[in-house]
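>
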Amino acid sequence: MVTMPAQAPDRPSILAVKRGTGGAGAKSLPFDGHIDTVSLAGYVGDGVSGELWDERIYGRSSADMSADMEGGLVAVMITVLGRAGHGSCWDQGVDAIADMGVFLACFQRHCNELHRRDRNPSLDFGSAHAGKIPGGEETSTCPAHATFTVERRTLPLESDDRVQEELVALLPEAQTRIQHDFKGTIRKLLSRPPLASRDVPLVQLRRLPSHSSGHEPNTMPASSPRSIVVTGANKGIGYEAVKHLAQKLPDATIYLTARSQSNGKDAVDKMKKEAPDADFSNVRVILLEITDASSIREAVATVQKQSRTLDVLLHNSGILQVPGQKGSKGVFDVNVRGAKACIEAFAQILTKDTGKIIVVSSEVGSWSTAAQVKSLQDKLLDGSKTDWKQVEAWMDDWLLHEQGGQGVQEPWKPIDPLENSGYAVSKLFLNAYLRNYVLHSQHPRLAVVCPGYCATELNGFSGHRPASLGGESVCWPVFNDFEDGHFYQDGKDLPFLYPMPEGFNL
């Protein structure tokens with residue numbers, strides 16, 4: 001339900017209500033951010049709906065960065081004191097505005113330094129800017145004082161005291177650039193911390209549902225994805241991922257890729273039978289053969305036409321072996337070369353700044369890395385040395401190793417019988433490529449995930465974890481922040497090198 005109440009002329013608000021999913025008689029307690037109300041007076045066009053020009057949204061209330069998560073802020077006033085003097089007696093006055101200019105140069109250096117600090121995964125960087133700079137009385141007089149206000153956007157764990165101390169430290173820095181005595185003061189005007197304490201009424205209200213119902217209330221991520229592609233999704237982990245995402249994000253479009261329309265349709269029909277109370281109308285089937293460049297291009301074009309941009313690519317496609325084919329080449333074509341082609345193609349339509357790539361790998365890649373000699377481990381784990389040319393050379397070298405070792409450059413060691421080692425080592429090469437990709441790509445928001453040893457067709461249903469748990473596990477980065485290029489299982493950071501557990505048989 002959407003209404004447009006107007007609290008004042010020319011200032012309509014849009015109020016949207018979405019009912020909870022508790023059923024008849026149930027009550028839901030939703031929380032969301034605000035969207036500022038702005039006047040439409042003087043605006044030409046439809047300011048409420050917004051208009052799209054050159055891939056930008058224009059409108060008075062068509063978009064708002066305050067609707068989700070904000071950092072805090074500290075506002076301060078800096079006053080620089082000079083000495084008044086008539087313009088005809090230039091040597092008797094001290095120009096406060098000129099001294100303020102020197103201080104501003106120091107302030108700008110500080111602003112640039114803020115952007116070189118550690119990035120907060122949700123709020124990016126802290127920032128500062130000058131708001132107002134009044135000063136002087138008249139043209140013929142050397143100004144005795146000048147002020148400017150600063151708004152410093154803060155992050156969690158940044159205190160007011162720290163912000164003020166850093167600004168105060170700019171005063172002696174300015175003095176080193178001025179020959180006469182520099183006089184300046186800093187006064188805090190306003191503070192709004194980014195985190196609220198537990199005793200704040202709104203925080204207590206947020207915690208009430210868990211006390212009364214015994215479970216945490218449902219929450220939406222700060223910026224829910226609107227379009228997600230899951231590759232290799234008509235069965236196994238990919239199927240479970242689509243099933244999970246479609247229910248968790250009913251307003252998003254979930255693209256289920258399959259090698260045929262019938263396979264995709266059968267998968268959706270199966271979901272409806274397994275979860276009859278769920279609505280899977282947001283799942284769309286698209287064809288994708290990841291070893292076929294034209295198929296990848298067509299899939300990307302389809303998503304771009306229907307959704308314009310892609311918020312999340314969850315690349316899951318992979319095989320254990322190619323039926324009737326000996327050796328690892330076919331496995332490498334799908335698990336490594338196909339993954340690269342798919343990732344780099346869909347990356348071209350990822351939503352700028354917020355788009356995510358999630359790649360399903362496996363802990364067997366970490367085991368395979370641990371099995372190699374130390375010198376080779378070091379090369380595999382150094383993303384600066386694992387560009388695609390090097391990964392291709394390693395794959396060719398492995399194939400020579402499989403064929404008997406003639407001309408092999410590296411002392412490869414499989415973790416399982418050589419004839420069955422293609423899958424494990426393909427994940428080693430995939431991980432090596434991804435480390436380099438994160439270093440050099442324009443779209444570095446990438447997480448590597450492992451579903452765990454799940455019971456799927458891939459392993460003859462021998463896994464000890466249910467596939468549904470693996471599907472949820474690989475979706476964790478969709479809803480959570482992560483470190484780019486890191487390896488996760490169930491939201492926990494895994495190393496890219498650790499030995500295979502004793503007694504484990506592939």
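Per UniProt numbering: the sequence shown ends with 506, consecutive numbering throughout. Every residue, glycine too, gets a C-beta built ideally from N, C-alpha and C. Please read these numbers as outputs of a predicted model, since none were measured by experiment.
In the DSSP assignment, find the unbroken beta strand (DSSP E) run with Val184 in it and report its ends.
If you number the sequence shown from 1, residue 184 lands on position 184. Rather than Val, the amino acid found at residue 184 in this sequence is Gly. Start and end: 183–192.
> In whole angstroms, what separates the C-alpha of Gly184 from that of Asp481?
As a working note, residue 184 is residue 184 in the sequence shown. As a working note, residue 481 is residue 481 in the sequence shown. The alpha-carbon atoms of Gly184 and Asp481 are separated by roughly 41 Å.
> In this structure, how does DSSP classify Thr302 when only helix, strand and coil are distinguished?
Within the sequence shown, the letter at position 302 stands for residue 302. Thr302 falls in the helix class under three-state DSSP.
> Within this structure, are the beta carbons of residue 508 and Arg83 separated by less than 8 Å?
No information on residue 508 is available, as it lies outside the stretch 1 to 506 that the chain covers here.
> Tell me, to the nearest whole angstrom, how far the beta carbon of residue 528 is from that of Ser307; I am working on the premise that it is less than 8 Å.
Since the first residue of the chain shown is 1 and the last is 506, residue 528 is not available in this structure.
> Measuring straight from C-alpha to C-alpha, what distance separates Lys235 and Glu51?
Here the question's residue 235 lines up with position 235 in the sequence shown. Here the question's residue 51 lines up with position 51 in the sequence shown. Approximately 41 Å, taken between the alpha carbons.
> Using the rule of at least 16 other Cβ atoms within 10 Å of the residue's Cβ for burial, across every protein chain shown, is Trp398 buried or exposed?
Within the sequence shown, residue 398 is the residue found at index 398, counting from 1. It counts as buried.
> Reducing DSSP to helix, strand and coil, say where Thr257 ends up.
Within the sequence shown, the letter at position 257 stands for residue 257. If DSSP states are grouped into helix, strand and coil, Thr257 belongs with the strands.
> Using only CA atoms, which one of Gln348, Thr291, Ala345 lies nearest to Asn335?
One-based indexing of the sequence shown puts residue 335 at position 335. Cα-wise, what sits closest to Asn335 is Thr291.
> Report the CB separation of Phe496 from Ser384 in whole angstroms; it is logged as a contact under 8 Å.
Translated into positions along the sequence shown, residue 496 becomes position 496. Translated into positions along the sequence shown, residue 384 becomes position 384. Not a contact, Cβ separation roughly 15 Å.
> Considering only C-alpha positions, which residue in the set Tyr488, Arg152, Val76 is nearest to Ser473?
Taking the first residue of the sequence shown as 1, we reach residue 473 at position 473. When each option's Cα is compared against that of Ser473, the closest is Tyr488.
> Tell me, please, which residues DSSP counts as bridged to Tyr488.
Position 488 of the sequence shown, counted from the first residue, corresponds to residue 488. Its beta-bridge partners are Val449, Asp493.
> For Trp412, report the span of its alpha helix (DSSP H) as first-last.
Here residue 412 refers to the residue found at position 412 when the sequence shown is read from its first residue. Here Trp412 belongs to no alpha helix (DSSP H), and DSSP marks it neither H nor E.
> Going by DSSP in three states, Glu483 sits in which element: helix, strand or coil?
In the sequence shown, residue 483 corresponds to position 483, counting from 1. Of the three classes helix, strand and coil, the one that applies to Glu483 here is coil, per DSSP.
> Smallest Cα separation from Phe429: which of Val74, Trp412, Leu171?
Numbered from 1 along the sequence shown, position 429 holds the residue referred to as residue 429. Out of Val74, Trp412, Leu171, Trp412 has the C-alpha closest to the C-alpha of Phe429.
> Quick one: give me the first and last residue of the alpha helix (DSSP H) that Leu320 is part of.
On the sequence shown, residue 320 is found 320 positions in, with the first residue counted as 1. No alpha helix (DSSP H) contains Leu320, which DSSP labels as neither H nor E.
> Taking the straight line between their C-alpha atoms, what separation do you get for Asp269 and Val285?
Numbered from its first residue, the sequence shown carries residue 269 at position 269. Numbered from its first residue, the sequence shown carries residue 285 at position 285. Near 12 Å, if we compare the C-alpha coordinates of Val285 and Asp269.
> Starting from the Cα of Lys427, find the closest Cα among Gly318, Leu170, Arg297 and give me that residue.
Within the sequence shown, residue 427 is the residue found at index 427, counting from 1. Nearest C-alpha to Lys427: Gly318.
> So, with DSSP's three-state summary, where would you put Asp124?
Locating residue 124 in the sequence shown gives position 124, counting from the first residue. Asp124 falls in the strand class under three-state DSSP.
> How is the beta strand (DSSP E) around Arg465 delimited, first residue to last?
As a first step, residue 465 is located in the sequence shown; it is residue number 465 there, counting from the start. Looking at the DSSP string, Arg465 is not in any beta strand (DSSP E), and its letter there is neither H nor E.
> Whether or not the segment 352–362 and the segment 437–456 are in contact is what I'm after, with contact meaning three or more pairs of Cβ atoms, one per stretch, closer than 8 Å; do they touch?
Yes: at least three Cβ pairs fall under 8 Å.
> List the DSSP bridge partners of Ile358.
What you label residue 358 is simply residue 358 of the sequence shown in a count that begins at 1. According to DSSP, which records beta bridges pairwise, Ile358 is partnered with Leu314, Ala447.
> What does the Cβ neighbour count give for Leu190, buried or exposed, with the cut at 16 atoms within 10 Å?
As a first step, residue 190 must be located in the sequence shown, where it is residue number 190. Leu190 comes out exposed.
> Is it the case that the Cβ atoms of residue 510 and Ile237 are separated by a distance below 8 Å?
Residue 510 cannot be examined here, being either before or after the span of the chain that is shown, 1 to 506.
> Following the continuous beta strand (DSSP E) through Ile78, name the residue where it begins and the one where it ends.
As a working mapping, residue 78 is identified with position 78 in the sequence shown. Ile78 -> beta strand (DSSP E) spans 72–81.
> Would you tell me roughly how many angstroms separate the C-alpha atoms of Gln409 and Ala432, rounded to the nearest one?
In the sequence shown, the residue the question calls residue 409 occupies position 409. In the sequence shown, the residue the question calls residue 432 occupies position 432. C-alpha separation (whole angstroms): 17 Å.
> Below 8 Å on the Cβ atoms is my guess for Glu166 versus His110; work out the distance and round it to an integer in Å.
Translated into positions along the sequence shown, residue 166 becomes position 166. Translated into positions along the sequence shown, residue 110 becomes position 110. Indeed, because the Cβ distance is near 7 Å, the residues count as touching under 8 Å.
> Can we say the segment 297–315 touches the segment 243–257, given the rule of at least three CB pairs closer than 8 Å?
The segment 297–315 vs the segment 243–257: in contact.
> Can you look up Phe346 in the DSSP assignment and give me helix, strand or coil?
As a working note, residue 346 is residue 346 in the sequence shown. Helix.
> Based on the DSSP secondary-structure assignment, which residues constitute the bridge partners of Cys142?
Locating residue 142 in the sequence shown gives position 142, where the first residue counts as 1. Answer is Gly85.
> The alpha helix (DSSP H) that contains Ser368, what's its start and end?
Taking the sequence shown and counting its residues from 1, the one referred to as residue 368 is at position 368. Element bounds for Ser368: 363–371.
> Determine the contact status of Ala246 and Tyr239, defining contact as a CB-CB distance below 8 Å.
Taking the first residue of the sequence shown as 1, we reach residue 246 at position 246. Taking the first residue of the sequence shown as 1, we reach residue 239 at position 239. Cβ atoms of Ala246 and Tyr239: not closer than 8 Å.
> Between Val74 and Thr154, how many whole angstroms is the CB-CB distance? I'm expecting something under 8 Å.
On the sequence shown, position 74 is the one that residue 74 refers to. On the sequence shown, position 154 is the one that residue 154 refers to. Right, their Cβ atoms sit about 6 Å apart.
> Any idea if Lys492 is buried or exposed, counting beta-carbon neighbours within 10 angstroms, 16 or more meaning buried?
For the purposes of this step, residue 492 is taken as the residue at position 492 of the sequence shown. Exposed, by the Cβ-count rule.
> In the DSSP assignment, what residue or residues form a beta bridge with Phe148?
Locating residue 148 in the sequence shown gives position 148, counting from the first residue. According to DSSP, Phe148 bridges with Ile78.
> To which residues does DSSP link Ser227 through a beta bridge?
Position 227 of the sequence shown, counted from the first residue, corresponds to residue 227. Ser227 pairs with Thr253.
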